Structures are given as C-alpha cells and as structure tokens.
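Peer 1: Numbering (our numbering), first residue to last: 120 to 331. Sharing a structure below in structure tokens format, with a few things to ask.
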C-alpha cells in the first residue's frame, strides 16, 4: 500500500513537472556577440543554458549563434579573456524568435612578476659564482684598446674616415700639381731623346770647362 502511494505521488510530480516544461513557449534564440569596447565580433563563445539542464552551445567564428530555448531561460556567455555575461529570455515574447546583440567586456588580469634564473638550485648558483671571471676595469680596457696589436688590427680592418680621405686627396692633388709644373705634358724624361741630348751636351761642356 505504501509502495503504491509513493508511486502515485512520484508519477503526479513528474507529470506536473512535465506539464510545466511543456507549457513553456519555445523560441528560436539568435544573436551576435561583440566586444563592448571595439564593436568587433567575439568568436567561439560558449553559451550555457543554466535553466535547461546546463545545455551547452557555441557561437561560430563570426560570433553568431542560433538555437531553440524556452522563454524565461537563463543563459550564460563565457569566453577566454572576457568577463561572463548573463541573459534571461523574456517571458512576454509574442514572436517565435528572439534576437539579441550580446556585448562582452574584456577581462584584464595582471599577473605577478616572475624572475627566471639560469640556475636550477642554490648550490649550482654558488658554484657558478665562485668560478665567475670578473671583467676588466676601465683602465685595463683602455690599455688593451691602445695596445700595438689592437691598433694594428683596427688599421687593417677599419675603413678611412672623412678626415683621412680629405688629407689623402689633398696630398694627391698637391703632388699632381707639383709634377704638372715640372713636367707639363706628364712625359717621362728618360724616354725623351732631346732630354738625353741636352744631358750629354751639358757633360761635354763641363769637360771642356775643366780642360781650360
């Protein structure tokens, strides 16, 4: 008798719950999810129907979603990097569809500063510190920079600067002007027969002057 009474009460409660669920109006719930700051779409947002036994839906890459829900259902929108947003479908909807634009706000999380060290343990740090080679001081660095070997290496590898090129060009121009005044045609006097004749004549005249 008790079992039959319990079964009757259970069936009555289940029938009442089913009748209430069936009495709820179904609507096509659609919409687009955007960023409240930039009005750009938020893709792949997870939509949870909290009222409808936690059913899950997802928006596409354009932030669009569309599924069937009951009026009065509570929906939760979640996405990585955004704050959660809740929405309740109104109960006084006259149409069979309900369209919304859901605006989500970015959730900025400031993480604590993390320092990364190249040593796995304190003992390893001690060994590295004890074997560390300290750098030279400023005086020793200056001595190495002005050493003969360092200067020779820099002279062979470094190009000339503007002042050196100016001095080099000035010397070449001076030498060219001097040679032009001595030999205006830039001819080699050793290949000039008249020059050889003049030289021989000077030698002969010199011998004659010594004989007198």
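Positions of the beta carbon are idealized from the N, C-alpha and C atoms, including for glycine. The structure presented is a predicted model; accordingly, all values stated were derived computationally and were not measured.
Specify whether the segment 173-181 and the segment 242-250 touch according to this definition: at least 3 beta carbon pairs, one from each stretch, less than 8 Å apart.
Peer 2: no
Peer 1: With burial defined as no fewer than 16 other Cβ atoms inside 10 Å of the residue's Cβ, what is the status of residue 230: buried or exposed?
Peer 2: Taking the chain shown and counting its residues from 1, one reaches residue 230 at position 111. Result: exposed.
Peer 1: Whose CA, out of 163, 192, 185 and 159, lies closest to the CA of residue 173?
Peer 2: Your numbering for residue 173 matches position 54 in the chain shown. Nearest C-alpha to residue 173: 192.
Peer 1: Determine whether the beta carbon atoms of residue 218 and residue 195 lie at a separation below 8 Å.
Peer 2: Your numbering for residue 218 matches position 99 in the chain shown. Your numbering for residue 195 matches position 76 in the chain shown. For residue 218 and residue 195, no; Cβs fall outside 8 Å.
Peer 1: In chain order, what residues of the same chain have a beta carbon less than 8 Å from the beta carbon of residue 143, not counting five sequence neighbours either side?
Peer 2: Working through the chain shown from its first residue, we reach residue 143 at position 24. The residues are 189, 190 and 191.
Peer 1: Between residue 264 and residue 257, what straight-line distance do the alpha-carbon atoms span, to the nearest angstrom?
Peer 2: The residue labelled residue 264 in the question sits at position 145 within the chain shown. The residue labelled residue 257 in the question sits at position 138 within the chain shown. CA-to-CA, the gap between residue 264 and residue 257 works out to about 11 Å.
Peer 1: Scan the segment 207-294 and note each continuous beta strand (DSSP E) run of 3 residues or more that stays entirely inside, going in chain order.
Peer 2: 216-223
Peer 1: Helix, strand or coil for residue 316? Go by DSSP, reduced to three states.
Peer 2: Position 197 of the chain shown, counting from 1, holds the residue named residue 316. Three-state result, residue 316: helix.
Peer 1: For residue 154 versus residue 161, is the C-beta distance shorter than 8 Å?
Peer 2: Position 35 of the chain shown, counted from the start, is the residue given in the question as residue 154. Position 42 of the chain shown, counted from the start, is the residue given in the question as residue 161. A contact, by the Cβ cut-off of 8 Å.
Peer 1: Assuming residue 158 is part of the beta strand (DSSP E), what are its boundary residues?
Peer 2: Along the chain shown, read from residue 1 onward, the residue named residue 158 stands at position 39. Neither: residue 158 is in no beta strand (DSSP E) and is coded neither H nor E.
Peer 1: Enumerate, from N- to C-terminal direction, the unbroken beta strand (DSSP E) stretches of 3 or more residues contained entirely within the segment 163-188.
Peer 2: As far as the segment 163-188 is concerned, its whole beta strand (DSSP E) runs of at least 3 residues are 165-168 and 174-177.
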